[in-house]
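Chains A and B, in that order, give the protein sequences. Counted the way numbering that gives the first Met the number 0 counts, the first sequence spans residues 0 to 173. Counted the way numbering that gives the first Met the number 0 counts, the second sequence spans residues 0 to 212.
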Amino acid sequence: MLAGLDGDAAAHKTLLTRLSAHLRAYFKTRLGRIGMGAAEAEDLVQETLIALHTRRHTYDRSQPLTPWVYAIARYRLVDYLRRSRASMTDLPIEEAKEVLADDDPSSVESGLDLARLMARLSPKARQAIQFVKLDGLSVREAAVRSGMSQSAVKVSVHRGLRALSLLARKGSRP
Amino acid sequence: MKTDELIDMLGTNLEPVKGGELRNTVTIALALGAVAAFCLVLAMFGLPAATLAGEFPALKVLALAFTLGVVAAGASLLIRSTRPGKPGGKLLVLLGLLFVALLSAALVTLIVSHPAAWGGMVFGPQWTACLVCIPLLAVAPFASLVWAVRRGAPTNLKRTGAIAGLVAGAVGAAVFAFHYSGGSIPFIALWYGGPILLCAVVGAIFGPLLLRW
Numbered sequence: 000m001l002a003g004l005d006g007d008a009a010a011h012k013t014l015l016t017r018l019s020a021h022l023r024a025y026f027k028t029r030l031g032r033i034g035m036g037a038a039e040a041e042d043l044v045q046e047t048l049i050a051l052h053t054r055r056h057t058y059d060r061s062q063p064l065t066p067w068v069y070a071i072a073r074y075r076l077v078d079y080l081r082r083s084r085a086s087m088t089d090l091p092i093e094e095a096k097e098v099l100a101d102d103d104p105s106s107v108e109s110g111l112d113l114a115r116l117m118a119r120l121s122p123k124a125r126q127a128i129q130f131v132k133l134d135g136l137s138v139r140e141a142a143v144r145s146g147m148s149q150s151a152v153k154v155s156v157h158r159g160l161r162a163l164s165l166l167a168r169k170g171s172r173p
Numbered sequence: 000m001k002t003d004e005l006i007d008m009l010g011t012n013l014e015p016v017k018g019g020e021l022r023n024t025v026t027i028a029l030a031l032g033a034v035a036a037f038c039l040v041l042a043m044f045g046l047p048a049a050t051l052a053g054e055f056p057a058l059k060v061l062a063l064a065f066t067l068g069v070v071a072a073g074a075s076l077l078i079r080s081t082r083p084g085k086p087g088g089k090l091l092v093l094l095g096l097l098f099v100a101l102l103s104a105a106l107v108t109l110i111v112s113h114p115a116a117w118g119g120m121v122f123g124p125q126w127t128a129c130l131v132c133i134p135l136l137a138v139a140p141f142a143s144l145v146w147a148v149r150r151g152a153p154t155n156l157k158r159t160g161a162i163a164g165l166v167a168g169a170v171g172a173a174v175f176a177f178h179y180s181g182g183s184i185p186f187i188a189l190w191y192g193g194p195i196l197l198c199a200v201v202g203a204i205f206g207p208l209l210l211r212w
């Protein structure tokens, strides 16, 4: 975690990958109890990863990592359940079985469609994320190509990621 | 989208973070809110001539010490509550002690003085001004604190909202104390402590609405 905070991308990816396994297990157990499947759990894993990433400045370096991660995971879970309660109640019972039974643990994809979400970002943020986060250009290269200043690119990326996670939550099932 | 792809995307071109950003943001928001509230007091009541001349009667000092104490303890509790998974038990106790201390001082004052004077002490002049102005002055600090807290990651929204309201109320009260600090300790306990707690309740109500992320 500390290496990731200092800007070590490889360490950050390793951390997120390991955490995603823990989070997946955590959400599957919690959601399994109320009859939701692996795809919902995967939505939540991704939402939580984005939250952990965009709010990583709220981690206190002197404190253990686990309580911080689980507090965020729990918050995302509660928020998810609150959002989904309304749509769960108006599901007819005959259909509910079918809908909830699609539990295929192999290669679960979340309902997020990045291309569709990206299309709804502001042009500035979309371009910044495309260059820096998807194409892997450095901030300086992205700044030259887009004609923005380097700090403007950084801000756009940061805002864009937050907007993406917000859009993902609004659009995600159920 | 697969989770691996997401992780790849998040990790690409990672920006380093220091970890002190939250503290700075909350401090700046607190300062901005206090300045705004102070300007409002100046606009409403004009310059506090006596205070500017260096006159600090004991009661004004007490009111300022109490409110600024609540601001300091509340602000560090607020920073804690924007960091997930961090309990702030000791600070909460400290806040409680501040209120208990003021309340006991007020009770002692009432006990040693004549019952006939109680009414005048409790309902001193301008008690309605305190009740109206302190929450009014707390609006700007509350807004700036909410802005700051939203940049963190509060996980208990009701509690965080209450703390933000408490700090904002205490800022309002501290600023109001420059203008008028009341005539007795029971007056300060009731008409300073009360509106501050009222602000905390309002903050708790609005917390889940304003702080959701």
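Think of the CB as a built atom: it goes at the ideal place given N, C-alpha and C, for glycine as much as any other residue.
**Asked** Are there 16 or more other CB atoms within 10 angstroms of the CB of T2 of chain B, so buried, or fewer, so exposed?
**Response** Here T2 of chain B is buried: its Cβ has 16 or more other Cβ atoms, across all protein chains shown, within 10 Å.
**Asked** So Y25 of chain A is in the alpha helix (DSSP H); what residue range does that whole segment cover?
**Response** Unbroken alpha helix (DSSP H) run through Y25 of chain A: A8 to R32.
**Item:** Test: G88 of chain B CB closer than 8 Å to a CB of chain A
**Value:** Cβ-Cβ to chain A under 8 Å: no for G88 of chain B.
**Request:** Would you identify the three-state DSSP class for E14 of chain B, choosing helix, strand or coil?
**Result:** Three-state result, E14 of chain B: coil.
**Asked** Starting from H178 of chain B and walking both ways along the alpha helix (DSSP H), at which residues does that stretch end?
**Response** Bounds of the alpha helix (DSSP H) holding H178 of chain B are L156 to H178.
**Message:** Tell me the DSSP secondary structure of W146 of chain B in three-state form.
**Reply:** Looking at W146 of chain B - three-state DSSP - the assignment turns out to be helix.
**Item:** K123 of chain A versus M117 of chain A: straight-line alpha-carbon distance, rounded
**Value:** Approximately 11 Å, taken between the alpha carbons.
**Message:** Rounded to whole angstroms, what is the Cα-Cα separation between L5 of chain B and A40 of chain A?
**Reply:** The alpha-carbon separation between L5 of chain B and A40 of chain A amounts to approximately 15 Å.
**Prompt:** From the beta carbon of T11 of chain B, is the nearest beta carbon of chain A less than 8 Å away?
**Reply:** For T11 of chain B, at least one C-beta of chain A is nearer than 8 Å to its own C-beta.
**Message:** Any beta carbon from chain B within less than 8 Å of T28 of chain A's own beta carbon?
**Reply:** For T28 of chain A, no CB of chain B lies under 8 Å from its own CB, so it is not counted at the interface with that chain.
**Where S105 of chain A falls: helix, strand or coil (DSSP)** = With a pLDDT of 43 at S105 of chain A, under the threshold of 50, the predicted position of this residue should be treated as unreliable, and no value is reported.
**Asked** Could one say the Cβ of A203 of chain B lies closer than 8 Å to chain A's Cβ atoms, at least one of them?
**Response** No, A203 of chain B lies away from the interface with chain A (no Cβ there is under 8 Å from its Cβ).
**Message:** Restricting to Cα atoms, I'd like to know which of B:L91, B:S103 and B:I78 is closest to I27 of chain B.
**Reply:** Comparing Cα positions, the closest option is B:I78.
**Reference N155 of chain B; option with closest CA among B:A147, B:P134 and B:W212** = Out of B:A147, B:P134 and B:W212, B:W212 has the C-alpha closest to the C-alpha of N155 of chain B.
**Asked** Are there 16 or more other CB atoms within 10 angstroms of the CB of A199 of chain B, so buried, or fewer, so exposed?
**Response** A199 of chain B should be labelled buried.
**Message:** Quick check: what's the CA-CA separation for P104 of chain A versus F65 of chain B?
**Reply:** No answer about P104 of chain A holds up, because its pLDDT of 44 lies below 50 and its placement is not dependable.
**Asked** chain A beta carbons: is any one of them nearer than 8 Å to that of A152 of chain B?
**Response** Answer yes: the Cβ-Cβ gap between A152 of chain B and chain A drops below 8 Å somewhere.
**Message:** Below 8 Å on the Cβ atoms is my contact criterion, and I expect T108 of chain B with P185 of chain B to pass it. Report the Cβ-Cβ distance as a whole number of Å.
**Reply:** Rounded, the Cβ-Cβ distance is 6 Å, consistent with contact.
**Test: R60 of chain A CB closer than 8 Å to a CB of chain B** = True, the Cβ-Cβ gap to chain B drops below 8 Å.
**T24 of chain B, enclosing alpha helix (DSSP H) - first and last residue** = Its alpha helix (DSSP H) spans residues E20 to F44.
**Request:** Taking 8 Å as the threshold, find out whether the region 18–26 of chain A comes into contact with the region 55–63 of chain A through three or more Cβ pairs.
**Result:** The region 18–26 of chain A makes no contact with the region 55–63 of chain A, as fewer than three CB pairs between them are under 8 Å.
**Request:** Taking only beta-carbon positions, decide if R55 of chain A is within less than 8 Å of chain B.
**Result:** Yes, because at least one Cβ of chain B sits closer than 8 Å to the Cβ of R55 of chain A.
**Message:** Alpha carbons only, please: which of B:R149, B:W190, B:S180 and B:G192 is nearest the one belonging to L58 of chain B?
**Reply:** Nearest C-alpha to L58 of chain B: B:S180.
**Asked** Does any CB atom of chain A fall closer than 8 Å to the CB of L93 of chain B?
**Response** No Cβ of chain A is located within less than 8 Å of the beta carbon of L93 of chain B.
**Prompt:** Between the region 126–140 of chain A and chain B, which residues of the former have a C-beta closer than 7 Å to a C-beta of the latter?
**Reply:** The residues in question are V131, K132, L133, G135, S137 and V138.
**Prompt:** Could one say the Cβ of V25 of chain B lies closer than 8 Å to chain A's Cβ atoms, at least one of them?
**Reply:** For V25 of chain B, the answer is no, since every Cβ of chain A falls outside 8 Å of its Cβ.
**Request:** Please say whether A142 of chain A and V156 of chain A have beta carbons closer to each other than 8 Å?
**Result:** Between V156 of chain A and A142 of chain A, the CB-CB gap reaches or exceeds 8 Å.
**Asked** L120 of chain A touches chain B at which residues, Cβ-Cβ below 8 Å?
**Response** Within chain B, no residue has its beta carbon less than 8 Å from that of L120 of chain A; the closest one is some 14 Å off.
**Prompt:** Hey, would you say I133 of chain B sits closer than 8 Å to I195 of chain B, going by beta carbons?
**Reply:** Cβ distance < 8 Å, so I133 of chain B and I195 of chain B count as in contact.
**Prompt:** At which residue ranges does the region 65–120 of chain B contain complete alpha helix (DSSP H) runs of 4 or more residues, listed in the order of the chain?
**Reply:** With a minimum length of 4 residues, the continuous alpha helix (DSSP H) runs that stay inside the region 65–120 of chain B are 88–111.
**Unbroken alpha helix (DSSP H) run spanning H52 of chain A, endpoints** = First-last of the alpha helix (DSSP H) with H52 of chain A: A37 to T53.
**Request:** Might you give, ordered along the chain, the residues of its own chain that have their beta carbon closer than 7 Å to the beta carbon of T47 of chain A, omitting 5 neighbours on each side?
**Result:** These residues qualify, in order along the chain: L22, I71, A72 and R75.
**Prompt:** Which term fits I162 of chain B, buried or exposed, when burial requires 16 or more other beta carbons within 10 angstroms of its beta carbon?
**Reply:** Residue environment for I162 of chain B: buried (at least 16 other C-beta atoms within 10 angstroms of its C-beta).
**Contact list for I162 of chain B against chain A, beta-carbon separation under 7 Å** = Going along chain A, no residue has its Cβ under 7 Å from I162 of chain B, so there is no contact; the nearest lies around 16 Å.
**Message:** Residues of chain A with CB closer than 9 Å to the CB of K157 of chain B, please, in chain order.
**Reply:** What K157 of chain B touches in chain A: nothing, since even the nearest Cβ is about 12 Å away.
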